[in-house]
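Before any comments, here is the structure.
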Amino acid sequence: MLAPPMALLFLTLGIPILKSIYISFFDVTLLHMNDYRWNNFANYLHLWTEQDFIQALRTTLIYVIGIVILQFVLGILLASILNHVVRMRKLLRTVILIPWTIPTIVVALLWMWLFQPQYGILNYILVSWGIIDKPYEWLSSLHLALPAVMVAALWRQLPFMSTMLLAGMQGISAEIYEASRIDGANRQQTFWYITLPQLKNTIRTVTLIAMIENFKMFPLFWIMTGGGPLNATTTLAILSYKTAFIKLNLGEGAAIGVLWLLLLLGISWGYNKLFSIGEETQARGH
(Lines of atoms letter the chains of each structure in order from A and count residues from 1; the text may use other names and numbers.)
(Lines give C-alpha, C1' and ligand atoms only; values in the text may rest on other atoms or scores of the structure.)
Protein backbone atom coordinates (compact mmCIF):
# COMPACT_ATOMS: atom_id res chain seq x y z
CA MET A 1 0.00 0.00 0.00
CA LEU A 2 2.90 2.34 0.65
CA ALA A 3 4.64 1.55 -2.64
CA PRO A 4 2.55 3.80 -4.99
CA PRO A 5 2.78 6.99 -2.87
CA MET A 6 6.48 6.35 -2.18
CA ALA A 7 7.10 5.91 -5.92
CA LEU A 8 5.21 9.14 -6.64
CA LEU A 9 7.25 11.01 -4.01
CA PHE A 10 10.47 9.66 -5.48
CA LEU A 11 9.51 10.76 -8.99
CA THR A 12 8.34 14.24 -7.98
CA LEU A 13 10.78 15.01 -5.14
CA GLY A 14 13.53 12.40 -4.97
CA ILE A 15 14.76 12.64 -8.56
CA PRO A 16 14.94 16.49 -8.61
CA ILE A 17 16.81 16.48 -5.27
CA LEU A 18 19.29 13.86 -6.49
CA LYS A 19 19.71 15.78 -9.75
CA SER A 20 20.45 19.00 -7.82
CA ILE A 21 23.01 17.24 -5.64
CA TYR A 22 24.64 15.80 -8.76
CA ILE A 23 24.76 19.16 -10.58
CA SER A 24 26.21 20.91 -7.51
CA PHE A 25 29.55 19.14 -8.10
CA PHE A 26 29.83 20.38 -11.68
CA ASP A 27 30.65 23.62 -13.44
CA VAL A 28 27.52 23.98 -15.57
CA THR A 29 25.61 27.01 -16.83
CA LEU A 30 22.36 27.52 -18.74
CA LEU A 31 24.41 28.57 -21.76
CA HIS A 32 26.31 25.26 -21.78
CA MET A 33 23.81 22.71 -20.54
CA ASN A 34 25.54 19.77 -22.21
CA ASP A 35 29.03 20.71 -21.04
CA TYR A 36 29.33 19.27 -17.52
CA ARG A 37 32.79 19.79 -16.03
CA TRP A 38 33.49 18.11 -12.68
CA ASN A 39 34.88 20.60 -10.16
CA ASN A 40 34.73 18.59 -6.91
CA PHE A 41 33.66 20.90 -4.07
CA ALA A 42 34.57 24.15 -5.83
CA ASN A 43 30.98 25.42 -5.83
CA TYR A 44 30.63 24.85 -2.09
CA LEU A 45 34.04 26.30 -1.24
CA HIS A 46 33.30 29.40 -3.29
CA LEU A 47 29.99 29.94 -1.48
CA TRP A 48 31.59 30.01 1.97
CA THR A 49 33.99 32.71 0.80
CA GLU A 50 31.24 34.76 -0.87
CA GLN A 51 29.70 37.58 1.17
CA ASP A 52 26.36 37.30 -0.63
CA PHE A 53 25.86 33.74 0.63
CA ILE A 54 26.81 34.61 4.22
CA GLN A 55 24.43 37.59 4.16
CA ALA A 56 21.61 35.51 2.65
CA LEU A 57 22.12 32.85 5.32
CA ARG A 58 22.01 35.46 8.07
CA THR A 59 18.90 37.09 6.58
CA THR A 60 17.16 33.72 6.29
CA LEU A 61 17.85 32.81 9.92
CA ILE A 62 16.75 36.24 11.19
CA TYR A 63 13.55 36.05 9.16
CA VAL A 64 12.66 32.47 10.12
CA ILE A 65 13.42 32.84 13.84
CA GLY A 66 11.62 36.19 14.05
CA ILE A 67 8.52 35.18 12.12
CA VAL A 68 8.08 31.84 13.91
CA ILE A 69 8.39 33.44 17.36
CA LEU A 70 5.90 36.16 16.43
CA GLN A 71 3.50 33.61 14.94
CA PHE A 72 3.61 31.45 18.04
CA VAL A 73 3.22 34.26 20.58
CA LEU A 74 0.40 36.03 18.71
CA GLY A 75 -1.12 32.71 17.64
CA ILE A 76 -1.46 31.32 21.15
CA LEU A 77 -2.78 34.68 22.36
CA LEU A 78 -5.43 34.78 19.62
CA ALA A 79 -6.29 31.11 20.15
CA SER A 80 -6.75 31.70 23.88
CA ILE A 81 -9.10 34.61 23.21
CA LEU A 82 -11.16 32.63 20.69
CA ASN A 83 -11.26 29.64 23.02
CA HIS A 84 -13.03 31.74 25.66
CA VAL A 85 -15.33 33.65 23.32
CA VAL A 86 -18.89 32.30 23.48
CA ARG A 87 -20.87 34.67 21.27
CA MET A 88 -20.21 34.54 17.48
CA ARG A 89 -17.47 31.96 18.06
CA LYS A 90 -18.00 30.16 14.73
CA LEU A 91 -18.13 33.44 12.77
CA LEU A 92 -14.89 34.73 14.31
CA ARG A 93 -13.09 31.45 13.62
CA THR A 94 -14.17 31.64 9.99
CA VAL A 95 -13.18 35.30 9.58
CA ILE A 96 -9.63 34.87 10.91
CA LEU A 97 -8.98 32.19 8.28
CA ILE A 98 -9.54 34.62 5.39
CA PRO A 99 -5.89 35.82 5.11
CA TRP A 100 -4.68 32.21 5.01
CA THR A 101 -6.97 31.39 2.08
CA ILE A 102 -5.65 34.25 -0.07
CA PRO A 103 -2.88 33.22 -2.54
CA THR A 104 0.61 34.38 -1.59
CA ILE A 105 0.97 36.42 -4.78
CA VAL A 106 -2.20 38.36 -4.00
CA VAL A 107 -0.99 38.94 -0.42
CA ALA A 108 2.31 40.31 -1.75
CA LEU A 109 0.54 42.72 -4.12
CA LEU A 110 -1.89 43.80 -1.40
CA TRP A 111 0.89 44.65 1.06
CA MET A 112 2.95 46.36 -1.64
CA TRP A 113 -0.01 48.72 -2.08
CA LEU A 114 -0.34 49.22 1.68
CA PHE A 115 3.38 50.00 1.98
CA GLN A 116 3.46 52.26 -1.09
CA PRO A 117 5.24 55.49 0.03
CA GLN A 118 3.18 58.05 -1.94
CA TYR A 119 -0.40 56.79 -1.74
CA GLY A 120 -0.20 53.75 0.55
CA ILE A 121 -2.78 53.68 3.31
CA LEU A 122 -0.25 52.76 5.99
CA ASN A 123 1.81 55.91 5.54
CA TYR A 124 -1.38 57.96 5.30
CA ILE A 125 -2.64 56.67 8.66
CA LEU A 126 0.72 57.04 10.43
CA VAL A 127 1.25 60.59 9.14
CA SER A 128 -2.37 61.58 9.91
CA TRP A 129 -2.05 60.34 13.49
CA GLY A 130 1.29 62.10 13.94
CA ILE A 131 3.20 58.88 14.55
CA ILE A 132 5.69 59.68 11.77
CA ASP A 133 6.66 63.05 10.27
CA LYS A 134 6.90 61.96 6.64
CA PRO A 135 6.06 58.90 4.55
CA TYR A 136 8.51 56.01 4.85
CA GLU A 137 9.97 54.09 1.92
CA TRP A 138 9.11 50.77 3.54
CA LEU A 139 10.22 48.38 0.80
CA SER A 140 13.16 50.50 -0.35
CA SER A 141 14.76 50.97 3.07
CA LEU A 142 17.70 48.83 4.18
CA HIS A 143 16.30 48.68 7.70
CA LEU A 144 12.55 48.49 6.99
CA ALA A 145 12.30 46.14 3.99
CA LEU A 146 12.77 42.89 5.92
CA PRO A 147 10.35 43.84 8.74
CA ALA A 148 7.81 44.89 6.09
CA VAL A 149 7.96 41.47 4.42
CA MET A 150 7.71 39.84 7.85
CA VAL A 151 4.51 41.79 8.55
CA ALA A 152 2.98 40.52 5.30
CA ALA A 153 4.07 36.94 6.05
CA LEU A 154 2.73 37.18 9.60
CA TRP A 155 -0.64 38.48 8.38
CA ARG A 156 -1.03 35.52 6.05
CA GLN A 157 0.34 32.73 8.24
CA LEU A 158 -1.01 33.70 11.67
CA PRO A 159 -4.53 32.27 11.02
CA PHE A 160 -3.11 28.78 10.43
CA MET A 161 -1.06 28.88 13.64
CA SER A 162 -4.01 30.22 15.64
CA THR A 163 -6.45 27.67 14.24
CA MET A 164 -4.17 24.72 14.97
CA LEU A 165 -3.47 25.93 18.51
CA LEU A 166 -7.18 26.55 19.04
CA ALA A 167 -7.94 23.00 17.90
CA GLY A 168 -5.37 21.73 20.38
CA MET A 169 -6.88 23.78 23.20
CA GLN A 170 -10.35 22.41 22.49
CA GLY A 171 -8.96 18.90 22.73
CA ILE A 172 -7.95 19.44 26.36
CA SER A 173 -10.39 17.84 28.77
CA ALA A 174 -12.60 20.29 30.67
CA GLU A 175 -12.21 18.10 33.75
CA ILE A 176 -8.56 19.10 34.04
CA TYR A 177 -9.47 22.77 34.10
CA GLU A 178 -12.25 22.11 36.59
CA ALA A 179 -9.84 20.27 38.88
CA SER A 180 -7.37 23.17 38.69
CA ARG A 181 -10.07 25.65 39.67
CA ILE A 182 -11.03 23.50 42.63
CA ASP A 183 -7.36 23.45 43.69
CA GLY A 184 -7.33 27.26 43.56
CA ALA A 185 -5.22 27.80 40.42
CA ASN A 186 -5.53 31.23 38.78
CA ARG A 187 -5.54 31.94 35.05
CA GLN A 188 -1.78 32.34 34.76
CA GLN A 189 -1.10 29.09 36.62
CA THR A 190 -3.71 27.27 34.54
CA PHE A 191 -2.10 28.51 31.32
CA TRP A 192 1.51 27.66 32.29
CA TYR A 193 0.90 24.33 34.02
CA ILE A 194 -2.06 22.91 32.12
CA THR A 195 -2.63 24.54 28.73
CA LEU A 196 0.97 24.73 27.52
CA PRO A 197 1.97 21.19 28.62
CA GLN A 198 -1.18 19.75 27.06
CA LEU A 199 -0.43 21.62 23.82
CA LYS A 200 3.15 20.33 23.63
CA ASN A 201 2.64 18.03 20.64
CA THR A 202 0.53 20.61 18.79
CA ILE A 203 3.15 23.32 19.40
CA ARG A 204 5.89 20.99 18.20
CA THR A 205 4.04 20.27 14.96
CA VAL A 206 2.82 23.75 14.03
CA THR A 207 6.09 25.51 14.83
CA LEU A 208 8.04 22.96 12.80
CA ILE A 209 5.66 23.45 9.86
CA ALA A 210 6.07 27.22 10.23
CA MET A 211 9.87 26.90 10.18
CA ILE A 212 9.84 24.73 7.05
CA GLU A 213 7.35 26.99 5.24
CA ASN A 214 9.32 30.14 5.99
CA PHE A 215 12.69 28.61 5.17
CA LYS A 216 11.47 28.05 1.63
CA MET A 217 9.52 31.32 1.37
CA PHE A 218 10.09 32.76 -2.10
CA PRO A 219 6.99 34.53 -3.56
CA LEU A 220 6.64 37.26 -0.90
CA PHE A 221 10.29 38.27 -1.09
CA TRP A 222 10.53 38.08 -4.86
CA ILE A 223 7.36 40.07 -5.58
CA MET A 224 7.65 42.65 -2.78
CA THR A 225 11.39 43.41 -2.88
CA GLY A 226 13.12 41.14 -5.39
CA GLY A 227 15.75 40.54 -2.72
CA GLY A 228 16.62 44.23 -2.41
CA PRO A 229 17.47 46.86 -1.56
CA LEU A 230 21.18 45.97 -1.78
CA ASN A 231 20.39 42.32 -0.94
CA ALA A 232 18.82 43.33 2.39
CA THR A 233 16.00 40.84 1.84
CA THR A 234 17.89 38.23 -0.16
CA THR A 235 17.25 34.87 1.49
CA LEU A 236 18.71 31.51 0.46
CA ALA A 237 15.66 30.93 -1.75
CA ILE A 238 16.17 34.23 -3.57
CA LEU A 239 19.94 33.76 -3.83
CA SER A 240 19.53 30.26 -5.25
CA TYR A 241 17.11 31.54 -7.91
CA LYS A 242 19.29 34.53 -8.82
CA THR A 243 22.43 32.42 -9.05
CA ALA A 244 20.85 29.71 -11.20
CA PHE A 245 18.54 31.70 -13.48
CA ILE A 246 19.90 35.25 -13.53
CA LYS A 247 23.64 34.61 -13.26
CA LEU A 248 22.97 31.37 -15.21
CA ASN A 249 25.26 29.37 -12.90
CA LEU A 250 23.28 26.17 -12.37
CA GLY A 251 26.07 24.40 -10.50
CA GLU A 252 26.44 27.05 -7.83
CA GLY A 253 22.68 27.56 -7.63
CA ALA A 254 22.27 23.83 -6.99
CA ALA A 255 24.99 23.97 -4.33
CA ILE A 256 23.05 26.71 -2.52
CA GLY A 257 19.95 24.53 -2.66
CA VAL A 258 21.82 21.54 -1.22
CA LEU A 259 23.27 23.58 1.66
CA TRP A 260 19.83 25.08 2.21
CA LEU A 261 18.31 21.57 2.40
CA LEU A 262 21.02 20.31 4.79
CA LEU A 263 20.52 23.33 7.04
CA LEU A 264 16.76 22.77 7.15
CA LEU A 265 17.18 19.06 7.88
CA GLY A 266 19.68 19.84 10.64
CA ILE A 267 17.42 22.41 12.27
CA SER A 268 14.39 20.08 12.02
CA TRP A 269 16.34 17.21 13.57
CA GLY A 270 17.70 19.42 16.36
CA TYR A 271 14.25 20.84 17.06
CA ASN A 272 12.67 17.39 17.33
CA LYS A 273 15.60 16.19 19.43
CA LEU A 274 15.09 19.10 21.82
CA PHE A 275 11.45 18.15 22.33
CA SER A 276 12.42 14.49 22.80
CA ILE A 277 14.94 15.40 25.48
CA GLY A 278 12.30 17.49 27.23
CA GLU A 279 9.85 14.58 27.18
CA GLU A 280 12.48 12.19 28.58
CA THR A 281 13.36 14.65 31.35
CA GLN A 282 9.70 15.09 32.23
CA ALA A 283 9.16 11.30 32.25
CA ARG A 284 12.12 10.78 34.62
CA GLY A 285 10.77 13.55 36.85
CA HIS A 286 7.47 11.70 37.19
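Heads up: the sequence shown begins at 132 in this note's numbering, then just goes up one per residue.
Note that the Cβ used here is the ideal one computed from N, Cα and C, for glycine as well.
_Per the DSSP calculation, Asp158 is bridged to which residue(s)?_
Sequence index remark: in the sequence shown, residue 158 carries index 27 (1-based). Beta-bridge pairing links Asp158 to Arg168.
*For Thr235, which option in Ile152, Phe376, Ala210, Ile354 has the closest C-alpha, if you only look at C-alpha atoms?*
As a first step, residue 235 must be located in the sequence shown, where it is residue number 104. It is Ile354 whose Cα lies nearest to the Cα of Thr235.
*To the nearest angstrom, report how far apart Thr333 and Ser407 are at their CA atoms.*
If you number the sequence shown from 1, residue 333 lands on position 202. If you number the sequence shown from 1, residue 407 lands on position 276. Straight-line Cα distance between these residues: approximately 14 Å.
_Test item: CB-CB of Trp242 and Pro290 under 8 Å_ = Position 111 of the sequence shown holds residue 242. Position 159 of the sequence shown holds residue 290. Contact flag unset, no.
*Buried or exposed by the 16-neighbour rule on C-beta atoms within 10 Å, applied to Ile207*: Walking along the sequence shown from the start, residue 207 turns up at place 76. Burial call: buried.
*asked:* Taking the alpha-carbon of Asn345 as reference, which of Ile196, Pro328, Trp269 has the nearest alpha-carbon?
replied: On the sequence shown, position 214 is the one that residue 345 refers to. The residue from Ile196, Pro328, Trp269 with its alpha-carbon nearest to that of Asn345 is Ile196.
_Trp391 versus Leu367: straight-line alpha-carbon distance, rounded_ = Taking the sequence shown and counting its residues from 1, one reaches residue 391 at position 260. Taking the sequence shown and counting its residues from 1, one reaches residue 367 at position 236. Cα to Cα, the separation comes out at about 7 Å.
*Would the beta-carbon of Leu361 fall within 8 Å of that of Leu273?*
Sequence index remark: in the sequence shown, residue 361 carries index 230 (1-based). Sequence index remark: in the sequence shown, residue 273 carries index 142 (1-based). In contact: Leu361 and Leu273 (Cβ atoms closer than 8 Å).
*Using beta-carbon positions only, say whether Phe184 and Asn170 come within less than 8 Å of one another.*
Residue mapping note: residue 184 aligns to position 53 of the sequence shown, counting from 1. Residue mapping note: residue 170 aligns to position 39 of the sequence shown, counting from 1. No, the Cβ-Cβ distance between Phe184 and Asn170 is not below 8 Å.
*Any contact of the segment 197 to 216 with the segment 290 to 303, i.e. 3+ C-beta pairs under 8 Å?*
yes
*Tell me whether Asn380 sits in a helix, a strand or coil according to DSSP, three-state version.*
As a position in the sequence shown, residue 380 is number 249, starting the count at 1. Asn380: strand per DSSP, three-state reduction.
_DSSP-derived helix/strand/coil call for Val216_ = To locate residue 216, count along the sequence shown from 1; it is residue 85. Three-state result, Val216: coil.
*Helix, strand or coil for Ser304 per DSSP?*
Residue mapping note: residue 304 aligns to position 173 of the sequence shown, counting from 1. Correct three-state label for Ser304: coil.
*Is it a yes or a no for the segment 383 to 390 touching the segment 143 to 163, going by three-plus beta-carbon pairs under 8 Å?*
yes
*Contacting residues, own chain, Cβ-Cβ under 6 Å from Pro266 (five flanking each side not counted)*: Residue numbering aside, residue 266 sits at position 135 when the sequence shown is read from its first letter. So the list reads Pro248, Asn254, once near-sequence residues are dropped.
*Skipping 5 residues on each side, what residues in its chain have a beta carbon closer than 8 Å to that of Leu277?*
Position 146 of the sequence shown, counting from 1, holds the residue named residue 277. Cβ within range, chain order: Thr190, Ile193, Tyr194, Ala363, Thr364.
_Length-filtered (3 minimum) beta strand (DSSP E) runs lying within the segment 222 to 289_ = none
*Near Phe349, which residues of its chain fall below 6 Å by C-beta distance, leaving aside the five closest residues on each side in sequence?*
Translated into positions along the sequence shown, residue 349 becomes position 218. Closer than 6 Å at Cβ, skipping near neighbours: Ala368.
*Three-state secondary structure (DSSP) of Glu309*: Residue mapping note: residue 309 aligns to position 178 of the sequence shown, counting from 1. In this structure, Glu309 counts as helix in the three-state DSSP scheme.
*Give the DSSP-derived three-state secondary structure of Leu330 in the structure shown.*
Taking the first residue of the sequence shown as 1, we reach residue 330 at position 199. In the structure shown, Leu330 sits in coil (DSSP, three-state: anything other than H, G, I, E or B).
*Assigned exposure category for Met164 - 16 Cβ within 10 Å defines buried*: By one-based count along the sequence shown, residue 164 stands at place 33. Met164 should be labelled exposed.
*Excluding the five sequence neighbours on either side, which residues of its own chain have a C-beta within less than 7 Å of the C-beta of Thr160, listed in chain order?*
As a working note, residue 160 is residue 29 in the sequence shown. Closer than 7 Å at Cβ, skipping near neighbours: Leu379, Asn380, Leu381.
*Looking at Ala279 and Phe246, is the spacing between their C-beta atoms short of 8 Å?*
Within the sequence shown, numbered from 1, the residue matching residue 246 stands at position 115. Within the sequence shown, numbered from 1, the residue matching residue 279 stands at position 148. Yes.
*Same chain, Cβ closer than 8 Å to Trp286, five either side skipped, listed in chain order*: In the sequence shown, residue 286 corresponds to position 155, counting from 1. Pro230, Val238, Trp242.
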